[in-house]
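Have a look at the structure below before the remarks.
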Amino acid sequence: MSDEKAPADLVEYITTLLENRLGSRVRNLRVRVEDGGLILEGQASTYHTKQLAQHWAMEESSLPIFANKIEVR
């Protein structure tokens with residue numbers, strides 16, 4: 013991501029990106045920005061999907077992941 017985004021814009025951008033890339037493999041996705049880091053929540057079909065969500069969120073936002081609370085179900 014080349015330009016700086018406000019937290020609300022960043023949340024929308026990352027949420028949309030992950031939903032588009034992961035499709036039905038992730039459900040009830042919620043992304044939050046707190047104290048300069050990301051928190052991911054939701055459910056994933058596999059551990060690999062959970063890790064992909066984390067990797068892509070970090071890569072696109074240039075922010076650390078403070079918590080990946082995506083549950084594998």
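Numbering (my numbering), first residue to last: 13 to 85. Just so it is clear, CB atoms sit at the ideal spot from N, CA and C, and this is done for glycine as well.
Consult DSSP for A18 and reduce its assignment to one of helix, strand or coil.
In the sequence shown, residue 18 corresponds to position 6, counting from 1. In the three-state reduction of the DSSP assignment, A18 falls in the coil class, being assigned neither a helical nor a strand state.
So, helix, strand or coil for G54, using DSSP?
Position 42 of the sequence shown, counted from the first residue, corresponds to residue 54. If DSSP states are grouped into helix, strand and coil, G54 belongs with the strands.
Taking the beta strand (DSSP E) that L41 belongs to, which residues open and close that run?
In the sequence shown, the residue the question calls residue 41 occupies position 29. Unbroken beta strand (DSSP E) run through L41: V38 to E46.
Assuming K62 and I82 are in contact, meaning their beta carbons sit under 8 Å apart, how far apart are those beta carbons, in whole angstroms?
Locating residue 62 in the sequence shown gives position 50, where the first residue counts as 1. Locating residue 82 in the sequence shown gives position 70, where the first residue counts as 1. Rounded, the Cβ-Cβ distance is 5 Å, consistent with contact.
Closest by CA to R42, which one among S36, L64 and E53?
Looking up residue 42 in the sequence shown gives position 30. Minimum Cα distance to R42 is reached at E53.
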